[in-house]
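>
There are 2 protein chains.
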Amino acid sequence: MPYPRSERKLGAGSEVRLIPVRLEKEIAPGDSIAGQLLAHFRQWRVRLQVGDILVIKHKIVSKAEGRIVDLNTIEPSAESLAWAERYKLDARVIELALRESRAVIRRKNGVLITETQHGFLCANSGIDVSNVDGGSHAVLLPEDPDRSAAKVRRELKKAIGLDIPVIITDSFGRPWREGLTDFAIGIAGMKPLQDDRGRRDPHRYKLKASVEAIADELASAAGLVCGKLNRTPACIVCGYRYQRGAGSVRDLLRPPATDLFR
Amino acid sequence: MPYPRSERKLGAGSEVRLIPVRLEKEIAPGDSIAGQLLAHFRQWRVRLQVGDILVIKHKIVSKAEGRIVDLNTIEPSAESLAWAERYKLDARVIELALRESRAVIRRKNGVLITETQHGFLCANSGIDVSNVDGGSHAVLLPEDPDRSAAKVRRELKKAIGLDIPVIITDSFGRPWREGLTDFAIGIAGMKPLQDDRGRRDPHRYKLKASVEAIADELASAAGLVCGKLNRTPACIVCGYRYQRGAGSVRDLLRPPATDLFR
Numbered sequence: 002m003p004y005p006r007s008e009r010k011l012g013a014g015s016e017v018r019l020i021p022v023r024l025e026k027e028i029a030p031g032d033s034i035a036g037q038l039l040a041h042f043r044q045w046r047v048r049l050q051v052g053d054i055l056v057i058k059h060k061i062v063s064k065a066e067g068r069i070v071d072l073n074t075i076e077p078s079a080e081s082l083a084w085a086e087r088y089k090l091d092a093r094v095i096e097l098a099l100r101e102s103r104a105v106i107r108r109k110n111g112v113l114i115t116e117t118q119h120g121f122l123c124a125n126s127g128i129d130v131s132n133v134d135g136g137s138h139a140v141l142l143p144e145d146p147d148r149s150a151a152k153v154r155r156e157l158k159k160a161i162g163l164d165i166p167v168i169i170t171d172s173f174g175r176p177w178r179e180g181l182t183d184f185a186i187g188i189a190g191m192k193p194l195q196d197d198r199g200r201r202d203p204h205r206y207k208l209k210a211s212v213e214a215i216a217d218e219l220a221s222a223a224g225l226v227c228g229k230l231n232r233t234p235a236c237i238v239c240g241y242r243y244q245r246g247a248g249s250v251r252d253l254l255r256p257p258a259t260d261l262f263r
Numbered sequence: 002m003p004y005p006r007s008e009r010k011l012g013a014g015s016e017v018r019l020i021p022v023r024l025e026k027e028i029a030p031g032d033s034i035a036g037q038l039l040a041h042f043r044q045w046r047v048r049l050q051v052g053d054i055l056v057i058k059h060k061i062v063s064k065a066e067g068r069i070v071d072l073n074t075i076e077p078s079a080e081s082l083a084w085a086e087r088y089k090l091d092a093r094v095i096e097l098a099l100r101e102s103r104a105v106i107r108r109k110n111g112v113l114i115t116e117t118q119h120g121f122l123c124a125n126s127g128i129d130v131s132n133v134d135g136g137s138h139a140v141l142l143p144e145d146p147d148r149s150a151a152k153v154r155r156e157l158k159k160a161i162g163l164d165i166p167v168i169i170t171d172s173f174g175r176p177w178r179e180g181l182t183d184f185a186i187g188i189a190g191m192k193p194l195q196d197d198r199g200r201r202d203p204h205r206y207k208l209k210a211s212v213e214a215i216a217d218e219l220a221s222a223a224g225l226v227c228g229k230l231n232r233t234p235a236c237i238v239c240g241y242r243y244q245r246g247a248g249s250v251r252d253l254l255r256p257p258a259t260d261l262f263r
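Residue numbers (the working numbering), protein chains in the order written: chain A, 2 to 263; chain B, 2 to 263.
1. Taking the alpha carbon of V105(A) as the reference point, which residue from G67(A), G120(A), S221(A), G31(A) has its own alpha carbon closest?
2. If you compare alpha carbons, which of L141(B), P234(B), R154(B) is closest to E25(B)?
3. Closest to S81(B) by C-alpha separation, out of E66(B), K64(B), R100(B), would be which residue?
4. Chain B partners of A222(A), CB-CB under 9 Å?
5. Could you name each continuous alpha helix (DSSP H) segment of 4 residues or more that falls completely within the segment 66 to 145 of chain B, going from the start of the chain to the end?
6. Enumerate, from N- to C-terminal direction, the unbroken beta strand (DSSP E) stretches of 3 or more residues contained entirely within the segment 150 to 225 of chain A.
7. Does the Cβ of G246(A) have 16 or more other Cβ atoms within 10 Å, making it buried, or fewer, making it exposed?
8. How big is the Cα-Cα spacing for K109(B) and I114(A)?
9. Shortest alpha-carbon distance to F173(B) belongs to which of E116(B), G162(B), K158(B)?
10. Does D71(B) pass the burial test, meaning 16 or more other C-beta atoms within 10 Å, or should it be called exposed?
11. Which residues, in chain order, does the segment 94 to 113 of chain B contribute to contact with chain A at a C-beta distance below 9 Å?
12. To the nearest angstrom, how far is it from the Cα of I34(A) to the Cα of V56(B)?
13. Compute the beta-carbon to beta-carbon distance between A222(A) and V212(A), rounded to the nearest angstrom, for a pair I have assumed lies under 8 Å.
14. Roughly how many whole angstroms lie between the Cα atoms of V17(A) and G240(A)?
15. Apply the 10 Å Cβ neighbour rule to T182(B) and answer buried if 16 or more other Cβ atoms are within range, or exposed otherwise.
16. Just the Cα atoms here: how many angstroms apart are P176(A) and P257(A)?
17. So is D217(B) buried or exposed if we call it buried at 16+ other beta carbons inside 10 Å?
18. I'd like the span of the beta strand (DSSP E) that includes R18(B), first residue to last.
19. Would you grab the beta carbon distance between A65(A) and P30(A) for me? Rounded to a whole angstrom, and I think it's under 8 Å.
20. Any beta carbon of chain A sitting closer than 8 Å to that of E179(B)?
21. Hey, is E213(A)'s beta-carbon within less than 8 Å of any beta-carbon in chain B?
22. Pick out the complete alpha helix (DSSP H) segments inside the segment 32 to 59 of chain B, 4 residues or longer, and give them in chain order.
23. Assuming L39(A) and I165(A) form a contact by the criterion Cβ under 8 Å, report the distance between their Cβ atoms to the nearest whole angstrom.
24. Using beta-carbon positions only, say whether T170(B) and A185(B) come within less than 8 Å of one another.
25. Keeping to the same chain, check which residues put their C-beta closer than 6 Å to that of G187(A); ignore five residues upstream and five downstream.
26. Comparing the C-beta of Y88(B) with each C-beta of chain A, is any distance below 8 Å?
27. By alpha-carbon positions, which one of R93(A), L254(A), G111(A), G52(A) ends up nearest to Q244(A)?
28. From R68(A) to D196(A), what does the alpha carbon distance come to, in whole angstroms?
29. What's the C-alpha gap between N73(A) and N231(A)?
30. Let me know the secondary structure DSSP gives I237(A) once reduced to three states.
31. Report yes if the CB atom of L225(A) is closer than 8 Å to the CB atom of L219(B), and no otherwise.
32. Within 8 Å (strictly less), CB to CB, does L82(B) reach chain A?
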């Protein structure tokens with residue numbers, strides 16, 4: 002059952018489609034993410050096309066890379082224990098979050114915002130807790146999500162001959178908005194930012210502050226079809242005209258000097 | 002030319018489609034946004050369907066509501082002048098941004114982050130500058146974007162008999178990420194947050210921190226097809242299973258007590 006492709010333009014440029022990719026099989030350490038996706042594509046007769054973008058939730062990437070920690074092996078410090086006790090949290094998760102961080106940004110109302118080794122600012126260093134194999138395990142972020150994205154891109158290219166950009170995502174909170182949305186944490190094969198500064202709007206007004214975080218918008222869009230409650234860890238974005246080129250998630254990280262939060 | 006509708010499910014739930022809506026005509030004070038959209042739909046033989054969501058960039062809404070200020074009518078204070086001078090900004094815009102704010106949150110490196118009357122935290126109180134009618138004008142945010150969204154929804158319902166949720170958006174920066182993404186600033190006819198707390202993932206692990214800011218994800222997704230450089234101020238989102246019900250953008254605003262930024 003191939004995905005139907007509509008090439009219809011409607012005056013405004015064509016539509017963008019978000020096609021969920023469901024993986025039945027549980028991902029295990031050592032698995033190839035590209036291999037699992039390709040198996041799915043074969044099974045469903047999905048043919049990736051030039052212009053498609055693949056967005057993948059990090060959790061399966063972390064699992065494939067063995068970034069799983071048995072929480073029973075973690076001995077929390079007295080500090081982690083005290084703080085966890087106070088807010089009824091798992092001290093082992095707090096301990097692990099601190100170990101995975103390079104700085105504590107905020108610690109307030111039981112929320113621990115850290116800067117991860119990668120430079121992401123998020124709750125608990127992005128650690129998820131999951132019942133992998135029945136026991137309580139923590140799933141850490143990939144060590145180098147740009148590298149993880151590049152690996153999937155490379156393996157897909159080798160298998161099907163197409164250069165498909167890959168974005169790896171995680172759900173983060175936002176300091177002043179309720180709820181989580183998905184953000185890009187790793188990128189390969191496309192520019193994460195689109196810089197329209199100096200271009201003119203339909204009134205010939207020169208745009209000033211128009212750098213658009215395309216990779217984060219793609220991550221959020223994919224978040225609409227990728228779920229935590231179903232086995233849909235990836236999606237294909239069709240019809241979005243991205244800018245090719247070397248890109249890194251680092252392009253999206255505000256340097257501390259201009260970061261208005263710190 | 003009706004939009005083709007594919008109802009194909011692929012194991013994971015169906016795909017989501019983002020269909021750009023291009024409006025050729027410039028929106029003027031007093032225009033009905035719903036009326037303009039309906040004219041476009043008639044022209045292109047677009048038939049909205051049950052389940053569709055309409056996402057609209059605020060700028061046309063602001064214009065329709067007459068939220069336009071001729072910058073020549075603004076006399077900046079000495080403080081606004083000094084600050085604008087220092088960072089080579091337009092003092093009138095700074096002045097207007099301060100007038101539209103209820104608090105200054107940050108003022109750093111030439112960036113002015115305010116809390117707007119609505120409670121949004123954004124640069125320059127969300128003011129855009131545009132060459133409306135050849136002169137320099139500022140476009141303010143709608144006075145009550147929830148009400149603006151409700152009006153479009155009501156008028157659409159009256160005209161076509163369908164209850165289509167409406168989201169109004171603006172592009173905001175994020176404190177620790179580069180680039181802008183679109184956020185919901187007004188909502189009618191759907192819940193902006195999806196609360197999965199207490200539900201279980203495929204491993205039977207009970208989800209803890211899983212409140213998803215659907216309206217912001219929809220806004221970001223729409224941002225991929227709505228442009229500043231083309232006349233595409235709206236988009237139809239098809240295939241996303243939203244939760245009906247009364248919703249307000251206020252649901253997305255973190256109360257100052259739990260806001261980690263302030």
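Each residue gets a CB set at the ideal place from its N, CA and C atoms; glycine is no exception.
Looking at the atomic coordinates:
1. Nearest to V105(A) by alpha-carbon distance, out of G67(A), G120(A), S221(A), G31(A), is G120(A).
2. Looking at the Cα atoms, P234(B) is the closest of the given residues.
3. The shortest C-alpha separation from S81(B) is found at R100(B).
4. Per Cβ cutoff of 9 Å: V17, L19, E218, L219, S221, A222, A223, G224, L225.
5. The alpha helix (DSSP H) runs lying completely inside the segment 66 to 145 of chain B and spanning 4 residues or more are 79 to 88, 92 to 100, given in chain order.
6. The segment 150 to 225 of chain A contains these whole beta strand (DSSP E) runs: 167 to 175, 178 to 189.
7. G246(A) is exposed by the Cβ-count criterion.
8. Going by C-alpha positions, K109(B) is about 22 Å away from I114(A).
9. Ranking the options by Cα distance to F173(B), first place goes to E116(B).
10. The residue is exposed, with fewer than 16 neighbouring Cβ atoms inside 10 Å.
11. Cβ contacts with chain A: I106, R107, K109, N110, V112.
12. Cα to Cα, I34(A) sits roughly 34 Å from V56(B).
13. About 18 Å separates the CB atoms of A222(A) and V212(A); that is not less than 8 Å, and the two are not in contact.
14. Computed Cα separation, rounded: 5 Å.
15. Buried is the label assigned to T182(B), since at least 16 other Cβ atoms lie within 10 Å of its Cβ.
16. Within the model, the alpha-carbon separation for P176(A) versus P257(A) is close to 16 Å.
17. Buried, by the Cβ-count rule.
18. Secondary structure note for R18(B): its beta strand (DSSP E) is the uninterrupted segment 17 to 22.
19. Indeed, because the Cβ distance is near 7 Å, the residues count as touching under 8 Å.
20. Yes, its Cβ sits closer than 8 Å to a Cβ of chain A.
21. At least one chain B Cβ lies under 8 Å of E213(A).
22. If only uninterrupted alpha helix (DSSP H) runs of at least 4 residues are considered, those enclosed by the segment 32 to 59 of chain B are 34 to 44.
23. I165(A) and L39(A) do not touch by the CB rule: their CB atoms are close to 11 Å apart, not below 8 Å.
24. With contacts defined as CB atoms closer than 8 Å, T170(B) and A185(B) qualify as a contacting pair.
25. Around G187(A): P146, D147, S149, A150, I169, V250.
26. For Y88(B), the answer is no, since every Cβ of chain A falls outside 8 Å of its Cβ.
27. Minimum Cα-Cα distance from Q244(A) among the listed residues R93(A), L254(A), G111(A), G52(A) corresponds to G52(A).
28. Here the alpha carbon of R68(A) sits roughly 35 Å from the alpha carbon of D196(A).
29. For the pair N73(A) and N231(A), the Cα-to-Cα distance works out to about 27 Å.
30. Reduced to three states, the DSSP call for I237(A) is strand.
31. Cβ atoms of L225(A) and L219(B): closer than 8 Å.
32. The beta-carbon of L82(B) is placed no less than 8 Å from the nearest beta-carbon of chain A.
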